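**Student:** Numbering (this note's numbering), first residue to last: 44 to 502.
Don't be surprised by glycine CBs; every beta carbon is placed ideally from N, CA and C.
Quick caveat: nothing in here was measured; it's all calculated off a predicted structure.
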Amino acid sequence: MREATRREFLGASGAAVVGTMLGSATQRTLAQMPGVRPNQDASIEILNPRNRVPVSLIIDDSTCLVNLNRFAIPQFQAAWNNGSYDHDWRKMPLEIPDSFVRRFGEWSAEQGVKGKYSIVPYPACVGRLDREVPGWTRKELVESIDLVKRLMLPNWDIHPEMVTHTRVIDTKTGHPYPIFGPEFCENWRWTDGKSAEEIAEYMRYGLQILKNIDLPCEGVTTPGGFGNRVLPELSKATLMACRDIYGTEIPHYFRHLYSEGDRSVAPRVEYASDLETDDPKCVVSIIGCTGDWTGGWDCSDRGDVDRFITPDLSSGRMVDVITRGEPALMVCHWTGIYFNGEEVGFEIFREVVRRLHERFDNLIWMKNSEIARYWAARELTNIERADDHVTLSAPFACPGFTFRLPVGDRPFVFEANDELVQLIRVRSENALTVGACYSSDRESLLCVDLPKGKSRLIL
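#1: I'd like the span of the alpha helix (DSSP H) that includes LEU277, first residue to last.
#2: If we count Cβ pairs, one from each stretch, closer than 8 Å, do we get three or more for the region 271 to 285 versus the region 210 to 223?
#3: List the residues that DSSP assigns as beta-bridge partners of GLY262.
#4: Measuring alpha carbon to alpha carbon, tell me which of THR366, ILE288, SER105 ends up nearest GLY379.
#5: Using a Cβ-Cβ cut-off of 7 Å (strictly less than) and excluding sequence neighbours within five positions of SER67, which residues of its own chain qualify?
#6: Buried or exposed, going by whether 16 or more other CB atoms sit within 10 Å of the CB of PRO454?
#7: How should SER151 be labelled, buried or exposed, when 16 other C-beta atoms within 10 angstroms of its C-beta is the threshold for buried?
#8: What distance in whole Å lies between the Cβ atoms of PRO259 and ILE201, which are believed to be in contact at a cut-off of 8 Å?
#9: Would you mind giving the Cβ-Cβ distance between GLU261 and THR291, rounded to the nearest angstrom? I have them listed as a contact below 8 Å.
#10: Note down the Cα distance separating ALA420 from PHE444, rounded to an integer number of angstroms.
#11: When the Cα atoms are used, what is the spatial distance from LEU65 to ASP103?
#12: Is the Cβ-Cβ distance between ALA315 and GLY78 less than 8 Å?
#13: Name the one or two DSSP bridge partners that PHE457 has.
#14: THR69 by DSSP, collapsed to three states: which one?
#15: With DSSP run on the structure shown, which of helix, strand or coil describes GLY78?
#16: Counting pairs of beta carbons, one from the region 106 to 126 and one from the region 475 to 483, are three or more of them closer than 8 Å?
#17: Do you know whose CA, among LYS254, ALA459, SER483, lies nearest GLY451's CA?
#18: Does the beta-carbon of PRO92 have 16 or more other beta-carbons within 10 angstroms, so that it is buried, or is it exposed?
#19: Using the Cα positions of PRO140 and GLN83, report the straight-line distance between them to the nearest angstrom.
#20: Return the first residue and the last residue of the beta strand (DSSP E) that TRP408 is part of.
#21: For CYS107, which of PHE114, VAL96, VAL144 has the nearest alpha-carbon?
#22: To the nearest angstrom, report how far apart ASP287 and ARG306 are at their CA atoms.
#23: Going by beta-carbon coordinates alone, are ILE87 and LEU372 separated by less than 8 Å?
#24: For GLY338, collect the residues of the same chain with a Cβ closer than 6 Å to its Cβ; drop the 5 residues on either side in sequence, then sort them by chain order.
#25: Would you mind sorting LEU356 into buried or exposed? The rule is 16 or more other CB atoms within 10 Å of its CB.
#26: Could you have a look at ASP430 and say whether DSSP puts it in helix, strand or coil?
#27: By how many angstroms is the C-alpha of PRO225 removed from the C-alpha of THR209?
#28: May I have the straight-line CA-CA distance separating PHE446 from LEU90, to the nearest angstrom?
#29: Would you identify the three-state DSSP class for ALA437, choosing helix, strand or coil?
#30: If you run the structure through DSSP and keep just helix, strand and coil, what is GLY158?
#31: Going by other Cβ atoms of all chains shown within 10 Å of its Cβ, with 16 needed for buried, is VAL456 buried or exposed?
#32: According to DSSP, is PRO197 part of a helix, a strand, or is it coil?
#33: When burial is assigned at 16 or more other CB atoms within 10 Å of the CB, is LYS497 buried or exposed?
And the structure:
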């Protein structure tokens with residue numbers, strides 16, 4: 044076990060961390076803290092799960108019932124008071140109805156789509172989801188929460204997008220601070236200069252609301268520029284808060300997106316420590332690869348499906364990222380998906396999925412937490428090779444763990460939890476599944492459910 048150097052971490056992630064997010068014009072280049080890294084035999088290459096490319100959809104600004112734009116935009120106007128937010132918000136609907144949630148969720152399940160779905164805990168200060176939301180009955184609120192549990196949870200991670208997504212709450216009183224301005228808005232400057240503990244305290248407040256209504260969370264999403272200038276503190280705060288409230292094994296957070304260029308969009312495993320103990324720790328930064336081209340957070344444009352993937356299926360940001368083998372996580376806002384009832388974003392997304400499934404046969408839809416777990420295992424599993432076996436020492440269990448050995452066709456036996464299982468042979472790389480292997484004369488691809496602790500591949 045060794046401490047990863049700053050240079051190694053930046054090289055592995057492709058570039059220095061840039062605090063980039065929708066709605067934030069300021070960028071700060073600052074390396075995160077990778078923590079320790081284990082030894083991994085150089086002859087063994089860890090591949091994507093089942094040798095497929097993970098894809099996912101990150102949905103921001105969603106919550107129960109409340110159409111966040113209608114209530115957020117006037118608060119943004121008050122914060123800046125400079126004409127920046129001159130939207131005609133009074134014409135926006137008050138609600139994004141559960142009937143739309145149901146239609147979206149059912150279609151996504153039919154298509155195998157997975158991802159992250161925010162639930163803003165105290166949306167735009169309208170009301171706390173664990174108490175009351177004025178404008179809706181208690182029965183309507185409970186039914187909306189139950190719909191999320193029943194329909195969305197199987198395929199979607201739930202994140203708080205901090206507490207209100209607008210004004211900062213005084214966690215001691217439960218009320219917004221009386222000061223209007225960007226310094227007291229979650230989207231902008233409140234986190235500047237804050238310590239990891241101060242940010243974690245605020246995260247805990249939002250997480251606790253969702254725990255009170257029995258929604259599980261393994262990660263958080265930052266609203267706007269939240270944490271933009273305190274990236275190491277943001278990462279550490281996520282690790283602390285998710286473990287404190289939910290006991291999360293592998294916390295993750297969505298803060299960054301890179302919508303063009305060659306910069307890596309692979310997840311970053313940060314603050315790794317205690318890997319050889321019963322309580323290993325890390326936090327994973329999930330990175331989006333597209334802009335919001337499904338109608339935007341404020342419904343100010345009608346999006347562009349071709350920026351994801353063109354009609355002839357030959358180009359577009361998703362094609363670029365998928366063909367280089369990195370996780371392709373699309374980013375959108377729920378308000379744009381609904382688009383004031385026109386469902387512009389939903390139509391765009393359906394066409395994106397249709398085109399992706401027509402072009403590619405090597406995709407695997409995953410929740411953000413599943414991607415985070417895979418990357419944690421990928422980077423933090425100790426791998427040692429001997430003449431007749433490979434030993435894997437994993438701090439975290441990982442389904443579908445896939446790797447390449449420079450060993451030709453032969454029987455392989457996987458030993459885990461005192462059981463021996465011979466891997467079955469498949470005839471193509473695309474047929475690879477858990478408990479199987481694909482071999483050529485010179486190398487083999489193997490896929491197993493990796494348990495926590497020690498396991499062995501017997502050659």
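**Tutor:** According to the data block:
#1: The sequence position of residue 277 within the sequence shown is 234, counting from 1. Start and end: 274 to 289.
#2: no
#3: Within the sequence shown, the letter at position 219 stands for residue 262. Looking at the DSSP assignment, GLY262 forms a beta bridge with HIS295.
#4: Within the sequence shown, numbered from 1, the residue matching residue 379 stands at position 336. It is SER105.
#5: On the sequence shown, residue 67 is found 24 positions in, with the first residue counted as 1. Reliability of the predicted coordinates at SER67 is poor, the pLDDT of 36 falling under 50, and no value is obtained from them.
#6: Counting from one through the sequence shown, the residue named residue 454 turns up at place 411. It counts as exposed.
#7: Here residue 151 corresponds to residue number 108 of the sequence shown, with the count starting at 1. With 16 or more other Cβ atoms within 10 Å, it is buried.
#8: Residue numbering aside, residue 201 sits at position 158 when the sequence shown is read from its first letter. Residue numbering aside, residue 259 sits at position 216 when the sequence shown is read from its first letter. That pair is a contact at about 6 Å.
#9: On the sequence shown, position 218 is the one that residue 261 refers to. On the sequence shown, position 248 is the one that residue 291 refers to. Right, their Cβ atoms sit about 5 Å apart.
#10: Within the sequence shown, numbered from 1, the residue matching residue 420 stands at position 377. Within the sequence shown, numbered from 1, the residue matching residue 444 stands at position 401. When rounded, the distance between both Cα atoms is 8 Å.
#11: Position 22 of the sequence shown, counting from 1, holds the residue named residue 65. Position 60 of the sequence shown, counting from 1, holds the residue named residue 103. The predicted model places LEU65 with a pLDDT of 37, which falls under 50 and marks its position as unreliable; any figure quoted below should be read in that light. LEU65 and ASP103: Cα-Cα distance of roughly 10 Å.
#12: Counted from its first residue, the sequence shown places residue 315 at position 272. Counted from its first residue, the sequence shown places residue 78 at position 35. Yes; because the gap between Cβ atoms is below 8 Å, this pair is in contact.
#13: Numbered from its first residue, the sequence shown carries residue 457 at position 414. PHE457 pairs with VAL464, LEU500.
#14: In the sequence shown, residue 69 corresponds to position 26, counting from 1. Summary for THR69: the model assigns pLDDT 34, below 50, so the residue's position carries little reliability, and this model does not support an answer.
#15: Indexing the sequence shown from 1 puts residue 78 at position 35. Strand at GLY78.
#16: no
#17: Here residue 451 corresponds to residue number 408 of the sequence shown, with the count starting at 1. Among LYS254, ALA459, SER483, the Cα nearest to that of GLY451 is on SER483.
#18: Here residue 92 is taken as the residue at index 49 of the sequence shown, counted from 1. It counts as buried.
#19: Numbered from its first residue, the sequence shown carries residue 140 at position 97. Numbered from its first residue, the sequence shown carries residue 83 at position 40. Rounded to the nearest angstrom, the two C-alpha atoms are 50 Å apart.
#20: Position 365 of the sequence shown, counted from the start, is the residue given in the question as residue 408. That run of the beta strand (DSSP E) goes 406 to 408.
#21: Within the sequence shown, the letter at position 64 stands for residue 107. Selected option, being the one with the closest Cα: VAL144.
#22: Residue 287 sits at position 244 when you count from the first residue of the sequence shown. Residue 306 sits at position 263 when you count from the first residue of the sequence shown. Cα to Cα, ASP287 sits roughly 33 Å from ARG306.
#23: Along the sequence shown, read from residue 1 onward, the residue named residue 87 stands at position 44. Along the sequence shown, read from residue 1 onward, the residue named residue 372 stands at position 329. No.
#24: If you number the sequence shown from 1, residue 338 lands on position 295. GLY346, GLY379, PHE382, VAL387, GLY388, listed in sequence order.
#25: What you label residue 356 is simply residue 313 of the sequence shown in a count that begins at 1. When all chains shown are included, LEU356 counts as exposed.
#26: By one-based count along the sequence shown, residue 430 stands at place 387. Residue state, collapsed to three classes: coil.
#27: Against the sequence shown, residue 209 aligns to sequence position 166. Against the sequence shown, residue 225 aligns to sequence position 182. For THR209 and PRO225, the distance between alpha carbons rounds to 10 Å.
#28: As a position in the sequence shown, residue 446 is number 403, starting the count at 1. As a position in the sequence shown, residue 90 is number 47, starting the count at 1. Going by the C-alpha atoms only, they are around 5 Å apart.
#29: On the sequence shown, residue 437 is found 394 positions in, with the first residue counted as 1. Strand.
#30: Reading the sequence shown from its first residue, position 115 is the one you call residue 158. GLY158: strand per DSSP, three-state reduction.
#31: Here residue 456 is taken as the residue at index 413 of the sequence shown, counted from 1. Per the 10 Å Cβ criterion, exposed.
#32: In the sequence shown, counting from the first residue as 1, residue 197 sits at position 154. Note: PRO197 maps to coil in three-state DSSP.
#33: Mapped onto the sequence shown, residue 497 falls at position 454. LYS497 comes out exposed.
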